[in-house]
Amino acid sequence: MGLRLRPVDTSFYDLFTQSAQHLVGGAEILAEMLSESSDKAGVAERMRAAEHAADETTHAIVKKVNSTFVTPFDREDIYALGSGLDDVMDMMDEAVDLILLYEVETLPGELSEQVEVLQRCAELTAAAMPRLQSMQSLDDYWIEINRLENTGDRNHRRTLAKLFSGEYPTIEVLKLKDIVESLESAIDAFEKVANIVEQIAVKEG
Amino acid sequence: MGLRLRPVDTSFYDLFTQSAQHLVGGAEILAEMLSESSDKAGVAERMRAAEHAADETTHAIVKKVNSTFVTPFDREDIYALGSGLDDVMDMMDEAVDLILLYEVETLPGELSEQVEVLQRCAELTAAAMPRLQSMQSLDDYWIEINRLENTGDRNHRRTLAKLFSGEYPTIEVLKLKDIVESLESAIDAFEKVANIVEQIAVKEG
Amino acid sequence: MGLRLRPVDTSFYDLFTQSAQHLVGGAEILAEMLSESSDKAGVAERMRAAEHAADETTHAIVKKVNSTFVTPFDREDIYALGSGLDDVMDMMDEAVDLILLYEVETLPGELSEQVEVLQRCAELTAAAMPRLQSMQSLDDYWIEINRLENTGDRNHRRTLAKLFSGEYPTIEVLKLKDIVESLESAIDAFEKVANIVEQIAVKEG
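Residue numbers (full-length UniProt numbering), protein chains in the order written: chain A, 1 to 205; chain B, 1 to 205; chain C, 1 to 205.
This is the structure we're talking about:
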C-alpha cells in the first residue's frame, strides 16, 4: 500500500474552480445587459443572484481555510485568491447595477469589446483553476491574461477619449464614465488573480 | 493561588473599544454637519480633532502589537481590526470635509438617513468591542451590521437615482456624488470591521 | 576570522533604492508634462518606458523574496514596501496619461505645486532607502514626508475649491478632477511607503 506523506485537501481546487465558473456566468449576464433589447431589470436580478452564489463560494473557501489543518498552499494565498476572484464578480455586478440605475439607454459600442475581453478572461481563469493542483503549464494562462489586459486598457483609453470628445452631454459622460470604469476594474481584477496564481506557483514550484 | 496559563494583555480590548467610541463621536459630528443651521467651518474643525484623536488610538494599537510578545489573537488580525476602524473615521472625515469644501448649501434628505445608519453602526461596533474578549454572542452584532449595510445600500442607490434624475445641475451632481459616495464607503467600512471580527471569532472560537 | 551569524542579502536594499530612483525620474517626467510647450505625446511615451522599468524592479524584488531563504526583514514587509513604491509610479503614470488622453490644454498652476511636492518626496525616499540597512536616523525622513503630505493636502483642497468655483465648464472640472486626484494619490502613496518603513524600523529596531 502506498503512503501519502502530505495529505492535502483537494477540494480547495474544486472551490476555486467553482468560484471562477461563477465569473463565466457573470460575464455572460453582463453581455446580455448590453444588448439594447434586453429586459434590464430582469437581467440585473439574475446578476444579483449570480453574485450571491459567488459570495457563498467565497465564504466556503474562507470557512474551509479556517478549519483545515494542512492547506495545499499558504493560508494567506488561499485568502488572496478567494477574495481576488470575488472582487471580479463585485466589479461585474457593479457595472450591471449602474446600467440599470443610471437608466443609460444607448451604450457606446466600445463597451461590448470590453465585455468580450471579460468573457475571455473568465473562461481562461476557469480553465486555469483545476491546473493549480499540478502547477503544470500555467504560463500560457498568465501570458494570455496579460495580453487581454493590455487590449482592455487600449479599449478603455479609446472609450474615455470618445466620452470626452464633445459628443456626449456632460451628465451622460458622468454616468458612462462610472460604467466604463467598473468594466476596466473587472479586467484589472482578473489580472490581479493571475498575479496571485503566479505568486503561488513561484512559491510552490 | 490560581495559575493563568496564557497571560494575555487585556488592554487591546480597551484600545479597540476606545477606537470604536471615536466613531460614535465622529458620526454625531457628521450628523451636525448636515443640519442647515450648523456652523460648517466650526463643525469641520471638531471633526478634524476627532479624526486626530482616532489616529492616536490607531497608533497606540500598532505600537502595542509591535512591542507585545503574546497577543490575544493573531497580530495580522489586530492590525486589520485597528486599521479597519480607522478607515471608518477617515471616510466620515472625508464626507464632512467635502461638504465644507464644495460649499454645498442644500443636501438631499437621503443623506440624513445614511448618517442615521452610520450612527447605529458606530453604536453597535462600540458595544461589540468589549465582547471580543469573551467571544460571547457576537452573532447579533454581525447580523445587525449586515442588515444596516443592506439598508444603506438601498438608500445609496435611491440617492444616486435622484441625483441623476435631472433635478440637479450637473456641477451639483458632481459634488453631491462625492459626498454620497464617502457616506457609502463609511458604511462599507463598518461592514468590513464586522467581517474581521467574524474571522477572528472563527479562528479563536 | 570573523563569523557572520546571520548572513543577509544586502541587495534587497539596492533594489529598493533602484525602485525609489525610478520615482525620482518619474516625477521629473511628470514636471515636464505640465510645461505648456512640452511635446505631450513624446513625454507620455517616456513616462510609459519609466513605468515599465519600475515594474521590472518590482518583479525583481518579488522574485528575490520568493527565492531567498533568509531575508533582511519580514517577507510581508518586503512585499509591502516593493508594491508601495510601485504604487507611487502607477499614480504618476496615470496623471501623465490622463493629461494626454483628456487633451487638457491649460492646467491650473496649483498642479505644478503638487508636482514639486512629489519631486521632493521622491528625492527623500530615494535617499532613505539605503539607510534602511542600518536603520539609522530615519526620523527626519518620516517627519519630512508627513510635512510634505500635509502641504500636498492643503494644495489639493485649494485646487478642488478652485475647480468648483464656477470658473471652469463642468466637463473641464470632470477632467481636471481626475488629474488632480491622481497627483493627490501619488503623494498619499509616498506617505504609505514612509509608514511601511516606519513599521519595519519599529519591528527590527
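Just so it is clear, CB atoms sit at the ideal spot from N, CA and C, and this is done for glycine as well.
The beta carbon of LYS162 (chain A) is closer than 8 Å to those of PRO108, GLU110 in its chain, skipping five residues each way along the sequence.
Identification of chain C residues near TYR102 (chain B) by a Cβ-Cβ cut-off of 7 Å yields PHE164, ordered along the chain. The C-alpha of GLU149 (chain B) is placed about 24 Å away from the C-alpha of LEU23 (chain A). Between the stretch 133-147 of chain C and the stretch 164-171 of chain C there are fewer than three inter-stretch CB-CB distances shorter than 8 Å, so the stretches are not counted as touching. When DSSP states are grouped into helix, strand and coil, THR151 (chain B) belongs to the helix group. A direct Cα-to-Cα measurement between VAL115 (chain B) and ASP97 (chain B) gives close to 15 Å. The continuous alpha helix (DSSP H) containing PHE12 (chain C) extends over residues 11-34. For GLU172 (chain A), the CB contacts under 8 Å within the same chain, skipping 5 residues up- and downstream, are VAL104 in chain order. The three-state reading of DSSP puts SER112 (chain B) in helix, counting H, G and I together. Contact between LEU101 (chain A) and ARG147 (chain B) does not hold, since their C-beta atoms are separated by about 22 Å, which reaches or exceeds 8 Å.
Identification of residues in the stretch 169-191 of chain B having a C-beta nearer than 7 Å to some C-beta of chain C yields THR170, ILE171, LEU174, LYS175, given in sequence order.
Taking the CA atoms as reference points, LEU132 (chain A) sits about 12 Å from ASP77 (chain A).
Taking a contact as a CB-CB distance under 8 Å, the pair LEU174 (chain A) and LEU174 (chain B) counts as one, their CB atoms being some 7 Å apart. Spatial neighbours of GLY42 (chain B) in its own chain (CB-CB distance under 7 Å, excluding positions within 5 residues in sequence) are not present. Per DSSP, the unbroken alpha helix (DSSP H) holding SER83 (chain C) starts and ends at 75-101. When secondary structure is reduced to three states using DSSP, GLY166 (chain B) falls in the coil class, being assigned neither helix nor strand.
Counted as a single uninterrupted DSSP element, the stretch harbouring SER38 (chain B) is not any alpha helix (DSSP H), since DSSP gives it neither H nor E. When secondary structure is reduced to three states using DSSP, GLN136 (chain C) falls in the coil class, being assigned neither helix nor strand. Interface annotation, LYS40 (chain A): not in contact with chain C, CB-CB separation never under 8 Å.
Using a CB distance cut-off of 8 Å, ALA161 (chain B) counts as an interface residue toward chain A.
Residue-level contact check: ARG157 (chain A) touches chain C, since one or more beta carbons of chain C fall below 8 Å from its beta carbon.
In this structure, the beta-carbon distance from ASN155 (chain A) to VAL202 (chain A) does not fall below 8 Å. Only residues of its own chain outside the window of five on either side were considered, and among them LEU15, GLN18, SER19, HIS22 have a CB closer than 7 Å to the CB of THR57 (chain C), listed in chain order. Residues of chain C whose Cβ lies closer than 9 Å to the Cβ of ASN66 (chain B) are, in chain order, GLN199, VAL202, LYS203.
Looking only at B:LEU34, B:LYS40, B:MET129, the smallest Cα-Cα distance to ALA194 (chain B) is reached by B:MET129. The three-state secondary structure of VAL104 (chain B), taken from DSSP, is coil.
When the Cα atoms are used, ASP93 (chain A) and ALA127 (chain B) turn out to be separated by approximately 33 Å. Under the three-state reduction of DSSP output, PRO130 (chain B) falls in the helix class. With fewer than 16 other CB atoms across the displayed protein chains lying within 10 angstroms of its CB, VAL70 (chain C) is exposed.
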